[in-house]
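Contents: one structure, followed by commentary.
Residue numbers (my numbering), protein chains in the order written: chain F, 1 to 324; chain X, 1 to 363; chain G, 1 to 136.
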């Protein structure tokens, strides 16, 4: 049946299938991760997490999703309707598009671009645009202030990420994701680049607005955050996009530093999942252990400490590459 | 320059109580701050004028409900002084043991609430978990978990139950191990230090000018503890240190209170050794109880500062006037001067470290 | 050199903090799964006032000491004259006015009132609440 169709339609059908697979996989993953975070937080605090809805609380996320679906969407009075509605769609779209270029195995990848890692970085910078447009569309003085702070934080932390990834690119001599995985078949990059890994991890936590860098989010104690005026399914989209962002950042860390998708006994995809899972759990436990930083401490930490350290790391890597 | 007015409303995400700040902010810095109190006024002092002496003790429980025995203490001491009633020795020891246990409970709750203000949730749960063990001990001893109504004129209400000493010693050894963990989790944490060092500096002159007492004063360099300078009950027989730090910022106040928990544990251990095994727990006054006319002021050391009661009696069974001097009222006044030039996040940290609770301020 | 020392100390302090919380995550939780598991309260816990009976009759003699000593006026006693003596007709306790201080049970010389541990007084229908009031 498929032989009579032209190659163009086969291409379109294939991409449509991939889009549906990624979308459902990420939404299901976001639901599971929300439940997992509440359980992990509960046990760290000497209590159980959700236990009543379903056996051991397994259906809790489903109940929350159904509740959010049935809420009435509210529009503020002076809001710009088009921008207001587009903002959550934009943020979900950018995070989902980045998953196209991540290798789950040594060869399994949807689009093996030549500029793989640079494409992912460009998409993660687009998240800032959707944030500012969400605040602009809300027409609320305080949520705009909060969004400005969040935008400043996310933009400043792009620079150390760039420099730490540049260190990895020097060692692997190619920006293609499968080539980076291949270059780690001898030794994982985390051993060759420990400082680079630390810089990348700290900047990644700041990119996703998690504690200890979550002042824009928790400012809702005094001043509103950027997603206050949203309710119902739009709020659920913001939430799911945040958890998908966490998975994306952990997946990149696995591929770049831990040789993602390779391992002795089990198939490659299982090893990829295990390694990503370790990073996700680490990011969760940061939130429940540390207090949060003030906004001027966040920005001065980035520019006065991380960027010089990243430059030193880059120059040392370049020197060693020339010598050996 | 243009400023905007921000109303930090009567509801807070932490357990300080209902208090309203009206702040004028320029960008991120505060130019002017006004406090608005009175949301929790229950007219306790007026109520006490219409009740007999033994009926007024449950009302002083509610002045500072996180450390009720420390709030009962000055009223009972004032009545005993005016009526010339002697308290048996075992009752004095029981009063001091329960008083110090309450001090530990209050400091544990403050430890949790302060961290909740700064953004980490786990120390709050840990503080509540330890406090739960103290409340279980008190439930077996007095019958209630929070508002005990335990002190009476002439002694205490009930004797110690059989396994009291084992329970308390088991709790103290457990708390020793947990305090080591909390030091690793909070006190040495670099993010916590960056949020609290150099924040909310209370100089010695400012503290003395406004009448600040308690751990906030001791963190600014003044070595003043009422249990040492004007000893009441049996505190003159016990050995303990008074921790003092010089810098006066939020970090010093934190360390003073953690050290005070250690000192309270020392006091409880000494009392459990020195307490007489057999003795009366109350010296009951006559049923128709009249107090000779006069006036007196008794200061005591509550966990938050100096809590004193000024009692005026005119010879009948009801007091003529009871005035409560609470520590939070004076400390709240110095916040208006401290807050100028700080950022909003620093204001929350300073307010949390001063350990002010509103039922004490409003009464 | 100072900066390197400070950085390493800072990093070590963060890792120590993580160790504390993660090791706590593997221990048994401290909370109870209420209402499936309930803890027994000690016998002197003050949750609700009750009247004591002896051989079918209440021990109360209507001396009104508890009514006079209650600071919140939460007890009301009505008496009637039978055979020349004052006998108890109706004893009302208002749980919403009471402040659970325990002075009334201490002052009663006949051990007629005491505290029971029944704190779960919420109910779904109106009849149950009115019934409870009549029995106390």
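Built from N, CA and C at the ideal position, the CB exists for glycine as well.
Contact between the segment 86–98 of chain G and the segment 50–62 of chain G is defined here as three or more beta-carbon pairs at a separation below 8 Å; is this criterion met?
yes
Looking at the strands, I want to know which residues DSSP matches up with residue 113 of chain G.
When beta bridges are read from the DSSP output, residue 113 of chain G appears opposite G/51.
Less than 7 Å between CB atoms is the rule here; does residue 119 of chain G satisfy it with respect to chain F?
Taking Cβ atoms only, chain F never reaches closer than 7 Å to residue 119 of chain G, which makes this a no.
Within the same chain, show all residues whose beta-carbon is closer than 7 Å to that of residue 83 of chain F, passing over the 5 residues directly before and after it, in chain order.
133, 136 and 137
Among X/336, X/250 and X/182, which residue has its Cα nearest to the Cα of residue 18 of chain G?
X/182
Does residue 214 of chain F come within less than 7 Å of chain G when only Cβ atoms are used?
no
Taking residue 93 of chain F and residue 22 of chain F to be in contact with their CB atoms under 8 Å, please state how far apart those CB atoms are, rounded to whole angstroms.
No, residue 93 of chain F and residue 22 of chain F are not in contact; Cβ-Cβ is about 11 Å, not under 8 Å.
Interface residues of chain F around residue 111 of chain X at Cβ under 9 Å?
Simply none; closest approach about 13 Å.
Whole angstroms are fine: how far does the CA of residue 119 of chain X sit from the CA of residue 66 of chain F?
30 Å
On the three-pair Cβ rule with 8 Å, is the segment 252–266 of chain X touching the segment 166–182 of chain X?
yes
In the DSSP output, what is residue 87 of chain G paired with across the bridge?
Beta bridge pairing from DSSP links residue 87 of chain G with G/80.
What's the C-alpha gap between residue 194 of chain X and residue 295 of chain F?
12 Å
Have a look at residue 321 of chain F and residue 160 of chain F and give me their C-alpha separation to the nearest angstrom.
Each residue's Cα considered, the two are about 21 Å apart.
Measure from the C-beta of residue 134 of chain G to each C-beta in chain F and report whether the shortest distance is under 7 Å.
Residue placement at residue 134 of chain G is flagged as unreliable, the pLDDT there being 49, under the threshold of 50; a coordinate-derived value is accordingly withheld.
Take residue 158 of chain F and list the residues in its own chain whose beta-carbon comes closer than 7 Å to its own, dropping the five residues that flank it on each side.
The answer, listed in chain order, is 125.
By the three-class DSSP mapping on this structure, what secondary structure does residue 7 of chain X have?
strand
Hey, is residue 42 of chain G's beta-carbon within less than 7 Å of any beta-carbon in chain X?
yes
Residue 100 of chain G touches chain X at which residues, Cβ-Cβ below 8 Å?
144 and 147
Residue 130 of chain F: buried (16+ other C-beta within 10 angstroms of its C-beta) or exposed?
A buried status is given to residue 130 of chain F, since no fewer than 16 other beta-carbon atoms sit within 10 Å of its beta-carbon.
For residue 326 of chain X, count the other beta carbons within 10 Å of its own beta carbon; 16 or more makes it buried, fewer makes it exposed. Which is it?
buried
Starting from the beta carbon of residue 138 of chain F, find every residue of chain G whose beta carbon is closer than 7 Å, and list them in chain order.
Chain order gives no chain G residues near residue 138 of chain F, where near means a beta carbon separation below 7 Å; the closest approach is about 35 Å.
Excluding sequence positions up to five away, which residues of its chain have a Cβ less than 7 Å from the Cβ of residue 294 of chain X?
82 and 313
What does DSSP give as the partner residues of residue 35 of chain X in its beta bridges?
Residue pairing by DSSP puts residue 35 of chain X in a beta bridge opposite X/21.
Residue 79 of chain X to residue 291 of chain X, Cα distance in whole Å?
8 Å
Let me see if you follow: with CB-CB separation under 7 Å, is residue 58 of chain X close to chain G or not?
With a threshold of 7 Å between beta carbons, residue 58 of chain X makes contact with chain G.
Using a Cβ cut-off of 7 Å, pull out every chain G residue sitting near residue 190 of chain X, in sequence order please.
10, 13 and 14
List, in order along the chain, the chain G residues whose C-beta lies closer than 9 Å to that of residue 51 of chain X?
71
In chain order, what residues of the same chain have a beta carbon less than 6 Å from the beta carbon of residue 203 of chain F, not counting five sequence neighbours either side?
157, 160 and 161
Give, in chain order, every residue of the segment 96–122 of chain X whose Cβ lies closer than 7 Å to some Cβ of chain F.
Cβ contacts with chain F: 115, 118, 119, 120, 121 and 122.
So, is residue 114 of chain F buried or exposed, given that buried needs 16 or more other C-beta atoms within 10 angstroms?
exposed
Using DSSP with H/G/I as helix, E/B as strand and the rest coil, what is residue 92 of chain X?
In the three-state reduction of the DSSP assignment, residue 92 of chain X falls in the helix class.
Can you find a C-beta in chain X that's less than 7 Å from the C-beta of residue 297 of chain F?
yes
Helix, strand or coil for residue 307 of chain X per DSSP?
strand
Give the straight-line distance between the Cα atoms of residue 134 of chain G and residue 160 of chain X, rounded to the nearest whole angstrom.
Because the pLDDT of residue 134 of chain G is 49, which lies under 50, any placement of that residue in the model is unreliable, and the question is left without a value.
Would you list, in sequence order, the uninterrupted alpha helix (DSSP H) runs of no fewer than 4 residues that lie entirely inside the segment 53–114 of chain X?
57–61 and 68–83
Just to confirm my understanding: we take residue 59 of chain X, look at its own chain, exclude 5 residues before and 5 after, and list those with CB closer than 7 Å. What are they?
Counting only Cβ-Cβ distances below 7 Å, and skipping sequence neighbours, we find 44, 47 and 48.
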